[in-house]
Amino acid sequence: MSILKKIVSAVRGGASELGELIVDSNGTRIFEQEIRDAENYLRKAKHDLTDVMAKQMQSSRQVESTRQEILQHESYAVKALKQNDEALALEVAEKVSTFEADLEEQEAVLAAFTDHVTRLKTLVKKTERQLADYERQLSMVKTTESVQKASASISDNYASTSSRILSAKDSLDRIKKRQQETYDRMEAAEALEKEEQGDLDEKLEDAGIIPPPKSAQDVLDRIKREQA
Amino acid sequence: MHPDWMEKNMATRDLAQRLLEIGSFDGFEFDCQPIPGEIELLQVTVSEFEDLPVFVSVTDNQILCITYLFAESDLDPAQRSDILEEMLTLNIPMPLSSFAKIDDRYVVFGALAIGSGIEEICHELITLTENCAEALLALEEYLK
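Those sequence lines, one after another, are chains A and B. If you're matching positions, the first sequence starts at 540 in our numbering and goes up one per residue. If you're matching positions, the second sequence starts at -9 in our numbering and goes up one per residue.
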């Protein structure tokens, strides 16, 4: 069952079940323990990985050095043959065959290490994913727990101070009233501004400082003049 | 790095201190009151919205801000599925906040990352309160 589904059924079941969810087998402590286990596992897997990778590098160097030996000794054998020294060439060839046997063995070891590294890397990735998943689930449980406790505190607090959370309708009425007040204030401010500006314009016109607003007739007269 | 007031144990009390110090933000004033209980909780009211307190709690990885909308008993049972659908529809258009339910109460909430700065928190508190008022107005027809 997913943790979200567990939370849903626990919340439906009421506070006692939620309490169980938190302290019980699927609760916080178990999760925290699982996270710690996964972290330890991850640390160990990473440590192992470093070890194995070091061995893989070592083994790879050995393979390379044996390959070089083979190439070198093959060239010795060729030189011996060129000098018609069949016995020496055979001796060198024997050495080469020993190197080849070593190489086969070393390559098998290298393959085993490489395989081990791949498996450990997959394991580390898987554990990291699992760890992230546990942490996500723990966070969900803890948040649910915290919200439930917070909600209980709020209820207790309101009950103890004999005040109450306002009913939705009361809140709505107040919100509307306040909205209306804000609109009224804005309207009043606008009206006042208009009034003040109007008064001033009138005085300025009377004093001949600004021209009176042009009437439609004025505009028409101007257009006629321009047409003429 | 987290702001120093985010040291977990002191988180809500220090947040209250910060809000009192800042006094007002974007023309709104804050009033804070700690609520005693198992979980440290802060009741914050934004000026002009005194009826709609925001309850702030700090968890391991987030700051939760919750405002109560209405109780199940405020709803007209015949219209219950309509309002639920409406709330789901409004969830995305409503900036920064979401609808949720705690016990028998419907709420609007917003969650902030634990490292959020004081200005982000102030912005959240104001937006949440305004959203709550808007939501109440939008859903009024469903209330008894």
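Even glycine gets a Cβ: it sits at the ideal position worked out from N, Cα and C.
With burial defined as no fewer than 16 other Cβ atoms inside 10 Å of the residue's Cβ, what is the status of residue i: buried or exposed?
i, result
"residue 661 of chain A", "exposed"
"residue 701 of chain A", "For residue 701 of chain A, the pLDDT reaches just 42, beneath the cut-off of 50, and the residue's location in the model is therefore unreliable, although a value from the coordinates is still provided. Under this definition residue 701 of chain A is an exposed residue."
"residue 121 of chain B", "buried"
"residue 100 of chain B", "buried"
"residue 87 of chain B", "buried"
"residue 743 of chain A", "exposed"
"residue 586 of chain A", "exposed"
"residue 127 of chain B", "exposed"
"residue 564 of chain A", "Confidence in residue 564 of chain A is poor, its pLDDT being 45 and thus under 50, which makes the residue's placement unreliable; the coordinate value appears in the next sentence. Per the 10 Å Cβ criterion, exposed."
"residue 645 of chain A", "buried"
"residue 116 of chain B", "buried"
"residue 714 of chain A", "buried"
"residue 79 of chain B", "exposed"
"residue 617 of chain A", "exposed"
"residue 36 of chain B", "buried"
Have a look at the options and flag the residue whose alpha-carbon is nearest the alpha-carbon of residue i.
i, options, result
"residue 658 of chain A", "A/618, A/730, A/761, A/588", "A/588"
"residue 572 of chain A", "A/674, A/604, A/641", "A/674"
"residue 47 of chain B", "A/738, A/686, A/743", "A/686"
"residue 45 of chain B", "B/111, B/131, B/127", "B/111"
"residue 631 of chain A", "A/646, A/610, A/651", "A/610"
"residue 94 of chain B", "B/36, B/116, B/70, B/62", "B/62"
"residue 602 of chain A", "A/591, A/581, A/579, A/649", "A/649"
"residue 545 of chain A", "A/729, A/677, A/607, A/749", "A/677"
"residue 608 of chain A", "A/639, A/734, A/599", "A/639"
"residue 612 of chain A", "A/598, A/636, A/569", "A/636"
"residue 3 of chain B", "B/18, B/14, B/31, B/49", "B/31"
"residue 102 of chain B", "B/12, B/41, B/52", "B/52"
"residue 56 of chain B", "A/690, A/762, A/730", "A/690"
"residue 643 of chain A", "A/711, A/759, A/606, A/729", "A/606"
"residue 688 of chain A", "B/16, B/49, B/6", "B/49"
"residue 64 of chain B", "A/629, A/708, A/543", "A/708"
Kindly indicate the opening and closing residues of the alpha helix (DSSP H) around residue i.
i, result
"residue 733 of chain A", "707 to 745"
"residue 6 of chain B", "1 to 12"
"residue 623 of chain A", "That residue, residue 623 of chain A, is in no alpha helix (DSSP H); it is neither H nor E in DSSP."
"residue 765 of chain A", "755 to 766"
"residue 114 of chain B", "108 to 128"
What does a CB cutoff of less than 7 Å around residue i pick up in its chain, not counting 5 residues either side in sequence?
i, result
"residue 129 of chain B", "73, 76"
"residue 58 of chain B", "95, 97"
"residue 108 of chain B", "8, 12"
Sorted by chain position, which residues of the same chain lie with C-beta nearer than 8 Å to residue i's C-beta, five sequence neighbours on each side aside?
i, result
"residue 577 of chain A", "666, 669, 670, 673"
"residue 584 of chain A", "659, 662, 663, 666"
"residue 25 of chain B", "31, 32, 33, 45"
"residue 653 of chain A", "595"
Using a beta-carbon distance below 7 Å, is residue i in contact with chain C?
i, result
"residue 133 of chain B", "Judged by its chain identifiers, the structure shown contains no chain C, and its protein chains are A and B."
What is the residue span of the beta strand (DSSP E) that residue i lies within?
i, result
"residue 103 of chain B", "95 to 103"
For residue i, I'd like the list of residues in its chain whose CB is within less than 6 Å of its CB, leaving aside the five on either flank, ordered along the chain.
i, result
"residue 9 of chain B", "20, 22"
"residue 592 of chain A", "656"
"residue 14 of chain B", "none"
"residue 761 of chain A", "none"
Subject >> Inside the segment 26 to 92 of chain B only - beta strand (DSSP E) runs reaching at least 3 residues >> reply: For the segment 26 to 92 of chain B, whole beta strand (DSSP E) runs of length 3 or above, ordered along the chain, are 31 to 36, 44 to 48, 52 to 61, 88 to 92.
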